[in-house]
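As you go down the protein sequences, you meet chains V and U in turn. Its first residue numbered 6, the first sequence is counted upward by one per residue in my numbering. Its first residue numbered 6, the second sequence is counted upward by one per residue in my numbering. Everything on this sheet refers to the single structure shown next.
Number of protein chains: 2
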Amino acid sequence: MLKATAQGIATRERILDAAFDTLRQDGFANTSARAVARRGGFNQALIFYHYGNLIGLLLAAMDRVGEQRRLRYEEVLGGPGNPIEFASRARLLYAEDVDSGHSTVVAELFAASSGNPELREQMLARMKPWLEFTERLLERFLAGSPFASLVDVRAAAGAVLSLYLGMDLLIHLDGDRSRATAMFDAGERLAATVEPLFGGDPR
Amino acid sequence: MLKATAQGIATRERILDAAFDTLRQDGFANTSARAVARRGGFNQALIFYHYGNLIGLLLAAMDRVGEQRRLRYEEVLGGPGNPIEFASRARLLYAEDVDSGHSTVVAELFAASSGNPELREQMLARMKPWLEFTERLLERFLAGSPFASLVDVRAAAGAVLSLYLGMDLLIHLDGDRSRATAMFDAGERLAATVEPLFGGDPR
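Dropping the structure here:
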């Protein structure tokens with residue numbers, strides 16, 4: 006059994022950092038155990054000792070940041086606010102996803118999962134909490150608005166996640182971040198228009 | 006110079022069929038020149054003779070169906086109609102994309118393009134006509150509605166394409182086509198709601 010010594014934890018952090026940075030800088034296709042070990046300056050046997058295999062390591066590297074991101078999404082979108090405020094918070098959160106490298110790592114692993122059944126299963130499992138979070142958010146947001154009975158929350162949450170992943174991958178491929186900026190601008194304009202239909206009270 | 010003999014055309018059709026079917030059935034990761042040649046029952050040297058390299062062949066195989074699909078989209082969405090009719094036509098077109106295998110081949114090549122710069126450049130170039138088609142469609146559709154001045158057509162077309170690609174890849178990964186059905190149901194309900202805001206005349 007592995008002992009969670011301070012040194013063991015430090016080693017794992019170093020391996021996770023190297024894996025995350027390699028995925029982010031070089032892409033999945035160039036992220037071999039050897040490339041990760043070279044970047045981090047450690048023996049690649051440590052990857053298999055601590056994470057079983059390379060896919061296990063890459064998922065752990067994504068998860069470490071992903072969990073922080075989800076808590077941050079819950080914090081920022083969990084408070085009361087009107088549609089305009091929600092639209093500008095969504096813009097802020099996406100900018101953080103980009104700056105942290107999370108959006109790049111998600112795009113790389115999402116795309117790679119098409120050709121790797123083990124990765125695919127794990128990536129799909131990781132979408133569930135995001136889908137549930139989005140469903141809860143939409144339910145709370147629509148409550149009391151004239152849209153509540155119109156919107157199928159499960160379908161809408163699937164569309165929101167698809168839009169995020171599709172846009173993220175498209176921006177990852179062509180490097181044109183102005184796509185996201187234009188979409189958030191449009192979202193804020195739309196939010197300002199529907200604003201009067203939502204109650205003025207904090208939700 | 007290649008002579009466009011009847012036999013040459015028949016050979017190319019056979020190579021394109023084998024490439025399309027291999028991508029659709031086995032995925033990009035398993036689509037080698039050898040696998041395509043084996044499926045089609047021809048010598049793999051023919052691939053390089055007719056298409057230069059494997060990526061060139063896979064793009065040609067996607068394009069052959071893709072061009073038919075785009076003409077079909079223009080035909081079906083190009084006529085007059087109200088929002089409800091457009092929503093049900095979009096559902097029909099997506100069902101055809103799935104049945105023809107086009108949605109699978111697009112999902113495979115879109116995902117694979119993340120790890121292949123040559124493929125990425127070609128895939129991005131192929132999105133341009135779809136973006137322009139979507140922009141024209143949105144412009145025509147919004148004209149005369151109260152949304153015309155609200156919607157940034159370029160941003161909206163990017164969002165529509167992102168949603169299509171993200172949903173297509175997600176369904177490709179988890180095999181859950183009910184996601185699309187639920188979204189089209191929701192789209193038709195929404196269309197019925199906004200219907201009165203659009204003019205009753207054919208557009």
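Backbone N, C-alpha and C define an ideal beta-carbon position, used for all residues, glycine too.
- No residue range can be given for A34 of chain U, since it is assigned to no alpha helix (DSSP H) and is classified by DSSP as neither H nor E.
- Scanning chain U for C-beta atoms nearer than 9 Å to the C-beta of D157 of chain V yields A187, M188, D190, A191, R194, reported in chain order.
- The C-alpha of F25 of chain U lies about 24 Å from the C-alpha of L124 of chain V.
- Straight through space, the alpha carbons of S150 of chain V and E72 of chain V are spaced by roughly 31 Å.
- A straight line joining the alpha-carbon of F53 of chain U with that of Q12 of chain U spans about 17 Å.
- Note that the C-beta distance between P134 of chain V and R75 of chain V is below 8 Å.
- Contact between V70 of chain U and H107 of chain U holds, since their C-beta atoms are separated by about 5 Å, short of 8 Å.
- Contact annotation: E90 of chain V and F138 of chain V have beta-carbon atoms that are not nearer than 8 Å.
- Rounded to whole angstroms, the gap between the alpha carbons of L143 of chain U and R19 of chain V is 49 Å.
- Contact of S150 of chain U with chain V is not assigned, every C-beta pair being separated by 8 Å or more.
- In the three-state reduction of the DSSP assignment, L155 of chain U falls in the coil class, being assigned neither a helical nor a strand state.
- Counting along the chain, F138 of chain V sits inside the alpha helix (DSSP H) bounded by residues 122-147.
- Interface annotation for the segment 104-116 of chain V against chain U: A112, E113, F115, A116, criterion Cβ-Cβ distance under 8 Å.
- For the set U:F33, U:A191, U:D22, U:I60, the Cα lying nearest the Cα of S119 of chain V is the one of U:F33.
- P85 of chain V carries a coil assignment under DSSP once its states are collapsed to helix, strand and coil.
- In terms of Cα proximity to A197 of chain V, the closest of V:T109, V:L174, V:R184, V:P88 is V:P88.
- Residue environment analysis places E113 of chain V among the buried positions, since at least 16 neighbouring C-beta atoms fall within 10 angstroms of its C-beta.
- Taking the C-beta atoms as reference points, V111 of chain V is found no nearer than 8 Å to D31 of chain V.
- Each residue's CA atom was taken as its position, placing L21 of chain U and S37 of chain U some 14 Å apart.
- The segment 164-179 of chain U and the segment 160-170 of chain V touch, with no fewer than 3 CB-CB distances between them shorter than 8 Å.
- Closest in alpha carbon position to E200 of chain U, among U:F146, U:A160, U:A185, is U:F146.
- With fewer than 16 neighbouring CB atoms inside 10 Å of its own CB, L202 of chain V falls in the exposed class.
- Counting C-beta atoms within 10 angstroms of its own C-beta, G45 of chain U has 16 or more neighbours from the protein chains shown and is therefore classed as buried.
- When 7 Å is used as the limit between beta carbons, D179 of chain U is near these residues of chain V: L129, in chain order.
- Straight-line measurement puts the Cα of E101 of chain V at about 12 Å from the Cα of V81 of chain V.
- Distance from the CA of L136 of chain V to the CA of A15 of chain U, rounded to the nearest whole angstrom, comes to 48 Å.
- For the segment 14-33 of chain U, residues whose beta-carbon sits nearer than 7 Å to a beta-carbon of chain V comprise G32, F33.
- By the rule that beta-carbons nearer than 8 Å mark a contact, G171 of chain V touches chain U.
- S167 of chain V has a beta carbon lying within less than 8 Å of a beta carbon in chain U.
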